[in-house]
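Okay, so the sequence shown: first residue is 38 according to the working numbering, each after it adds one. Where is the CB? At the ideal position from N, CA and C, for every residue including glycine. Quick caveat: nothing in here was measured; it's all calculated off a predicted structure. Below is one structure, written out as structure tokens; the observations come after it.
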Amino acid sequence: MLKFFEEKASIMDEMNLLDLTVRKLLKKFGKGNHKPGSGSAAAFQGILSSNLIVTVISLTLDPERIKYYKESKEQLGNYKKILENDFIPRLEILFEDDSVQFDKVIKLRDLRNKTLESVEKNNYEQKHLNQLMIATEIPIEIAKLCIDISKIAGFVFNNGFQSARGDSCVARSSSLSAIQGCISIIDLNLISFMPNIWTEEKRLEVESLTKSYFEEHEAMKDNFLSLQQERNKRHLLRGQVNALMKEIKGKKVYKDNEIEDFTSKLQNLIWKNKKHLWRKELGSPLKTLKPSTVFKKILGYQYCDQDYLVNTEDPNIAIAGVIDQQSKVVYVSKDFNNEERNFTAAHELGHAFLHNQPIIHRDRPSDGFAKRTSKNVVEYQADKFAIYFLMPKKQVLQVFNEWFGTNKFIINEDNCFTNFNKTPKVIREECKSKRGLALKLSSLQKQYNGRFLSISDLFNVSRTAMAIRLEELNLVEF
38 MLKFFEEKAS IMDEMNLLDL TVRKLLKKFG KGNHKPGSGS AAAFQGILSS NLIVTVISLT
98 LDPERIKYYK ESKEQLGNYK KILENDFIPR LEILFEDDSV QFDKVIKLRD LRNKTLESVE
158 KNNYEQKHLN QLMIATEIPI EIAKLCIDIS KIAGFVFNNG FQSARGDSCV ARSSSLSAIQ
218 GCISIIDLNL ISFMPNIWTE EKRLEVESLT KSYFEEHEAM KDNFLSLQQE RNKRHLLRGQ
278 VNALMKEIKG KKVYKDNEIE DFTSKLQNLI WKNKKHLWRK ELGSPLKTLK PSTVFKKILG
338 YQYCDQDYLV NTEDPNIAIA GVIDQQSKVV YVSKDFNNEE RNFTAAHELG HAFLHNQPII
398 HRDRPSDGFA KRTSKNVVEY QADKFAIYFL MPKKQVLQVF NEWFGTNKFI INEDNCFTNF
458 NKTPKVIREE CKSKRGLALK LSSLQKQYNG RFLSISDLFN VSRTAMAIRL EELNLVEF
């Protein structure tokens, strides 16, 4: 029976170590034996790092997310292939090779130590050193692979899915730990050799590895510190926004100019923190007018696009959006077009800043403008916030002047011919009213950054919403 268990244990030792469960593999490392050893542990760290990076890259390349990472898409795809097809398979082989090779070294060393006859002892010593040379090459290769893995992790940290940067950091720190461990193994092995051509070659290699290790370590430190700085900036921004909110939230009466002034202060805070919030050069303040970003990155809300929102009071009435301030979640219905959904998101953002009601829902939007009545004053206020947030006065005036070449569109020969290539009489007949003219202006497409857009497209609002805003700012005269 004892022989049976000994044979079974021997068979288990011959198994591919990576085919074991994680728990059994970890027990192997903790049994006090040399097999598997530190070289295999370093290779395992490299495999773990590689797989973590592959996960982050896969998350980045997700069809719903890749639009934010177009510039790095090709490079990320290439790195994923390298890791999956080259690095991981090679490290798996090195993991096993180190275990097998170092086992040979230990057995020869034990034979050397047990042998008393000098010639035989020297013979075992030479065989031991020959096998140790082979064993030393393994951690050198592991270290070189892990240096490349660390570099890839750094690229993925900066250019991959930002919410998974923790995985990228773990991958990089694990690969660095593997490199440091390998350098220690190599140095320890080299102590056993007398100086020769091979040891000099390995010494130079290990010095190169050490230099690369410290360079990568400094880069890793930059990643680490950047996250700390981001945390501090985010907390500071949230504190500033909370302080700003305390000045206005929950008032019984709001004047329109109070809401506009608050919105302007909020936009200034967002613009000052644009690099921190978006981590890229935006170019224009218009690109910061993203309600979803404010919800997620400043207020800490979950922002959810829903296929259909049910009105519990009347299931026949479609709901455009719902905000739950207690649970800190906002839902925006996918049943409406992009402009209406954007306005709804800004409307719900207005509720978050202005009102205390725990749950508020918004019925189907009618171009985003509720009328001021005692019954729906809360909805009116949220709409005014959305107007001021999505169509700030300063930016609308600036774009209007650039778009139409005037600070106020008056129907005359110059304006009508320049913008529509039509006579004033034709424009009056087509528009029929100030609202009709404002609608025509809000729909007129111009070339902007290589694309043909209307002013309403530029601000991502409906034609009607922009038309009403142009009227409010006294930019049209019929």
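| query | result |
| --- | --- |
| Where does G405 fall in DSSP's three states? | Because G405 sits at a pLDDT of 49, beneath the cut-off of 50, its placement in the model cannot be relied upon, and the following sentence gives the value as read from the coordinates. Note: G405 maps to coil in three-state DSSP. |
| Once you ignore the five residues that flank W308 on each side, which residues in its own chain have a CB closer than 6 Å to its CB? | P322 and T325 |
| Near S214, which residues of its chain fall below 7 Å by C-beta distance, leaving aside the five closest residues on each side in sequence? | Q82 |
| Quick one: is G358 buried, meaning 16 or more other Cβ sit within 10 Å of its Cβ, or exposed? | buried |
| Alpha carbon to alpha carbon, how far is E376 from V498? Give it in angstroms, no decimals. | 5 Å |
| Which residues bound the alpha helix (DSSP H) around I356? | Element bounds for I356: not the alpha helix (DSSP H) but the beta strand (DSSP E), I356 to D361. |
| Between Q394 and S370, is the Cβ-Cβ spacing less than 8 Å? | no |
| Against chain B, does G218 count as a neighbour if the rule is that its beta carbon must be under 8 Å from one of theirs? | Here chain B cannot be found, since the structure has a single protein chain. |
| Helix, strand or coil: which one does DSSP assign to I285? | coil |
| By DSSP, does N294 sit in helix, in strand, or in coil? | helix |
| Should G405 go down as buried or exposed, given a rule of 16 or more other Cβ atoms within 10 Å for buried? | The pLDDT assigned to G405 is 49, lower than 50, so where the model puts this residue is not dependable; a value taken from the coordinates is nonetheless given after this. Buried: at least 16 other Cβ atoms inside 10 Å. |
| Strictly by DSSP, which residues pair up with L490? | K483 |
| In this structure, how does DSSP classify F373 when only helix, strand and coil are distinguished? | coil |
| With DSSP as the reference, label R399 as helix, strand or coil. | strand |
| For the segment 276-292 and the segment 212-230, state whether three or more C-beta atom pairs, one from each stretch, are separated by less than 8 Å. | no |
| Taking the beta strand (DSSP E) that Y340 falls in, what are its first and last residues? | Q339 to Q343 |
| State whether the segment 76-90 contacts the segment 126-143, with contact taken as three or more CB pairs (one from each stretch) at a distance under 8 Å. | yes |
| Figure out for me which residue from G387, Q432, R202 and A180 has the closest Cα to the Cα of S245. | A180 |
| Can the beta-carbon of C206 be found closer than 8 Å to that of F194? | yes |
| Roughly how many angstroms lie between the CA atoms of G473 and G387, to the nearest whole one? | 29 Å |
| When you compare the segment 159-173 with the segment 81-99, are there three or more beta-carbon pairs, one atom per stretch, that lie closer than 8 Å? | no |
| Mind checking whether S470 and S480 have CB atoms under 8 Å apart? | no |
| Among the residues of its own chain, which have a CB less than 7 Å from the CB of L166, if the five just before and after it don't count? | S229 and F230 |
| Output needed for E129: all residues of its chain with C-beta closer than 7 Å, excluding positions within five of it in sequence on either side, in chain order. | L55 and I84 |
| Going by CA-CA distance only, name the one from F380, G114, Q339 and K430 that's closest to V366. | Q339 |
| Write down every uninterrupted run of the beta strand (DSSP E) in the segment 118-183 whose length is 3 residues or greater and which is fully enclosed by it, in chain order. | none |
| Pop quiz: P429 and Q304 are said to be a contact at Cβ under 8 Å. What is the actual Cβ separation, rounded to whole angstroms? | 6 Å |
| Over the uninterrupted alpha helix (DSSP H) stretch that includes G83, give me the two end residues. | S75 to T97 |
| Looking at the structure shown, is V513 part of a helix, part of a strand, or coil, going by DSSP? | strand |
| Looking only at its own chain, which residues have a Cβ that is under 7 Å from the Cβ of N53, when we skip the five neighbours before and after it? | E133 |
| In the structure shown, what three-state DSSP assignment does F446 receive? | strand |
| Do T501 and L476 count as a contact pair if the criterion is CB distance below 8 Å? | yes |
| Should G442 be labelled buried (16 or more other beta-carbon atoms within 10 Å of its own) or exposed? | exposed |
| Sorted by chain position, which residues of the same chain lie with C-beta nearer than 6 Å to I397's C-beta, five sequence neighbours on each side aside? | I360 and H388 |
| Does DSSP put V498 in a helix, in a strand, or in coil? | coil |
| Please work out which residues of its chain come closer than 7 Å, Cβ to Cβ, to R275, disregarding the five sequence neighbours upstream and downstream, and give them in chain order. | I335 |
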